[in-house]
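First comes the structure, then the notes that go with it.
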Amino acid sequence: DTFTLDYAVGVNGSLTGDPAQVVNYGADGTAVTAVPDLGYHFVDWSDASTDNPRTDVSVVANLSVTANFAIDTHTVTFIEGANGTITGTLVQVIDYGDDCTAVTPVANANHHFVDWTGDYAGTDDPLTITNVTADMVITANFAIDTYTVTFIEGANGTITGTLVQTIDHGNDCTAVDPVANANHNFVDWTGDYAGTDDPLTITNVTADMNITANFAIDTFTLDY
């Protein structure tokens, strides 16, 4: 007696080997392999076998089976860095070639979003990963807000210390000292700070600031 071994494929794949075999009673067939298309994977045969390649041995009956395939899925994980959060779905399981749903970085108070790093690099806000073809882990990075405090030397004097300072939110500047030229004197600070501090330290900086040191010529009183 002879028997037929018929191997077929579902959508999204193909076969290598002889798909239509005639085998004597008790003999073995030859190997066939289910080959998935790009972005798909072999699942099983319609008789529940998961052998791949498959060789049917000691054949005593006709056989007709189909190879089943399924689309690959990939996990895209968004990680919240320090000092911020992400709105949207942080762990997404995406079919091969499809897009994630959008996620948005949200900085904590007095901080700002910097960038995405990991398996994607950029500053998109919001971010949508398109055409996913692999697992991905992506981190949102945040940083504290910084401000520039600029000290300006008015006429007839100088300032010792750092004239342009970059300060993290809520921190203090380093001190600066107004130094009048000969025969002049320091008068006051004007601009985004008003006062006569000598030296001057701006504390708890929360915005850019421009501050000028003002000087005046010495004057004398003659009483008769």
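Going by the UniProt record's numbering, the letters in the sequence shown line up with residues 1 to 224, in that order.
Ideal Cβ placement from N, Cα and C applies to all residues, glycine included.
It should be emphasised that the depicted structure is a prediction, and the values quoted were computed from it without experimental measurement.
Query                                                                                                                                                   : Result
Is the distance from the Cβ of residue 4 to the Cβ of residue 52 below 8 Å?                                                                             : no
Using a Cβ-Cβ cut-off of 8 Å, state whether residue 9 counts as contacting chain D.                                                                     : Here there is only one protein chain, and chain D is not present.
Could you give the distance in angstroms between the alpha-carbon of residue 22 and the alpha-carbon of residue 40?                                     : 30 Å
What's the gap between the Cα of residue 176 and the Cα of residue 110?                                                                                 : 26 Å
Whose CA, out of 65, 140 and 124, lies closest to the CA of residue 34?                                                                                 : 65
Residue 186 and residue 215 - do their beta-carbons sit closer together than 8 Å?                                                                       : yes
Which of helix, strand or coil does DSSP assign to residue 206?                                                                                         : coil
Where does the unbroken beta strand (DSSP E) through residue 5 begin, and where does it stop?                                                           : 2-9
What residue range does the beta strand (DSSP E) around residue 191 cover?                                                                              : 184-191
Going straight from the alpha carbon of residue 45 to that of residue 30, what length do you get?                                                       : 16 Å
Let me make sure I understand the geometry here. Which of 37, 11, 2 and 200 has the alpha-carbon closest to that of residue 20?                         : 2
At which residue ranges does the region 63-150 contain complete alpha helix (DSSP H) runs of 4 or more residues, listed in the order of the chain?      : none
Which class does residue 220 belong to by DSSP, given the choice of helix, strand or coil?                                                              : coil
I need the straight-line Cα distance from residue 99 to residue 128, nearest angstrom please.                                                           : 7 Å
In chain order, what residues of the same chain lie with their CB nearer than 8 Å to the CB of residue 13, ignoring the 5 residues before and after it? : 34, 35, 36, 37, 40, 42, 67 and 69
When you compare the CB positions of residue 95 and residue 59, do they come within less than 8 Å of one another, or not?                               : no
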